[in-house]
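Trainee:
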Amino acid sequence: MANRVSLHLASPDGSNESVLADQAIHLGSPNWSISGAGPFWSPDGTRLAFGFGELHTVSRDGLGLTKVSSPEFAARPQWSPLGKYLAWVEFGPRRRDRWLTVSLADGSIPWRVSGSHMAVSFRWSPDGTRIAFAGAQELDDDLEIFTGAADGTDWKNVSNAMGYDGEVTWPTGSTNVYFTSTRTKALELYAARSDGSGSWVALRSMRIERQVVWSSTGHAFAFTGGRSGTGQRAIWVANRDGSGLRKISGEGEASEPVWAPR
34 MANRVSLHLA SPDGSNESVL ADQAIHLGSP NWSISGAGPF WSPDGTRLAF GFGELHTVSR
94 DGLGLTKVSS PEFAARPQWS PLGKYLAWVE FGPRRRDRWL TVSLADGSIP WRVSGSHMAV
154 SFRWSPDGTR IAFAGAQELD DDLEIFTGAA DGTDWKNVSN AMGYDGEVTW PTGSTNVYFT
214 STRTKALELY AARSDGSGSW VALRSMRIER QVVWSSTGHA FAFTGGRSGT GQRAIWVANR
274 DGSGLRKISG EGEASEPVWA PR
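For the sequence shown, this note's numbering puts the final residue at 295, and the numbers step up evenly by one.
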């Protein structure tokens, strides 16, 4: 069934509303997800990326609407920190076919990252020169964490262990990437050097749910989870090296932590 979805821009008080883009979409697509559609602002605030099937960018005045993805379904776009590149997950004909794809900011010269089959999450390095993703070489392989240069070269497997590795993050001011892994059965937080020279447990005996959320400085992270072997979900905070672990939520269930801007 075809539906129409439009992208709007307005002032905080609701005035000056304008339509930046209007597209027909098919909500019956097995890969459709409004959470991955955007919009996502470029770092300088001049353009937005959004995807209702195909990925587009448009300027904040509604001009320069550009299709940047191929006909396959695309979602979850992320601008590099300096706005030089745009990356996204591109889906193939089968639900499990998805690749990490990168292009220049204007959508030109797109390339699929080699070995990114089954890409499930990715993050740019703080300086925008490298990218980390969770993916697999083949459909039946375990998910691993890879890092490489933004131009598609110098890719390394930095997790390199049995088990499911996913939900990768890359905090400000760090050369290490962080990810969740089931290599010890429980879903725990691990860290790895981005050059592939080693990985280690960043936080032991804690069950991690979803991604950890980093402070703006990258010195601490928050997460939803609990002690291994317990079922209650709570909000926890720890320093980047795993020290100073503390529960900050009260009694009852808690989830989805968000840091306030500095």
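All C-beta atoms in this analysis are idealised placements derived from N, C-alpha and C, irrespective of residue type, glycine included.
Quick check: Arg145 and Val201, are their CB atoms within less than 9 Å of each other?
Mentor: For the purposes of this step, residue 145 is identified with residue 112 of the sequence shown, where counting begins at 1. For the purposes of this step, residue 201 is identified with residue 168 of the sequence shown, where counting begins at 1. No.
Trainee: Less than 9 Å between the beta carbons of Ala225 and Val210, yes or no?
Mentor: Residue numbering aside, residue 225 sits at position 192 when the sequence shown is read from its first letter. Residue numbering aside, residue 210 sits at position 177 when the sequence shown is read from its first letter. Yes, Cβ-Cβ distance for Ala225 and Val210 is below 9 Å.
Trainee: How big is the Cα-Cα spacing for Ser214 and Pro143?
Mentor: Taking the first residue of the sequence shown as 1, we reach residue 214 at position 181. Taking the first residue of the sequence shown as 1, we reach residue 143 at position 110. Looking at the two C-alpha atoms, the distance is approximately 30 Å.
Trainee: If we ignore side chains and look at the alpha-carbon of each, how far apart do Ala43 and Gly196 end up?
Mentor: Residue mapping note: residue 43 aligns to position 10 of the sequence shown, counting from 1. Residue mapping note: residue 196 aligns to position 163 of the sequence shown, counting from 1. Going from the Cα of Ala43 to the Cα of Gly196 covers about 46 Å.
Trainee: Please state whether DSSP places Lys218 in a helix, a strand or coil.
Mentor: Your numbering for residue 218 matches position 185 in the sequence shown. Lys218: coil per DSSP, three-state reduction.
Trainee: Does DSSP put Ile281 in a helix, a strand or coil?
Mentor: Against the sequence shown, residue 281 aligns to sequence position 248. Residue state, collapsed to three classes: coil.
Trainee: Quick one: which unbroken alpha helix (DSSP H) runs of 4-plus residues sit fully inside the stretch 208-262? Chain order, please.
Mentor: With a minimum length of 4 residues, no continuous alpha helix (DSSP H) run stays inside the stretch 208-262.
Trainee: Within this structure, are the beta carbons of Asp160 and Leu176 separated by less than 9 Å?
Mentor: Locating residue 160 in the sequence shown gives position 127, where the first residue counts as 1. Locating residue 176 in the sequence shown gives position 143, where the first residue counts as 1. The answer is no: Cβ separation not under 9 Å.
Trainee: Of the residues Gly86, Ser249, Leu40, Arg260, which one's Cα is nearest the Cα of Trp74?
Mentor: As a first step, residue 74 must be located in the sequence shown, where it is residue number 41. With distances taken between Cα atoms, Trp74 lies closest to Leu40.
Trainee: Among all the DSSP beta bridges, which residues are the ones paired with Gln111?
Mentor: Mapped onto the sequence shown, residue 111 falls at position 78. DSSP lists Ala120 as partners of Gln111.
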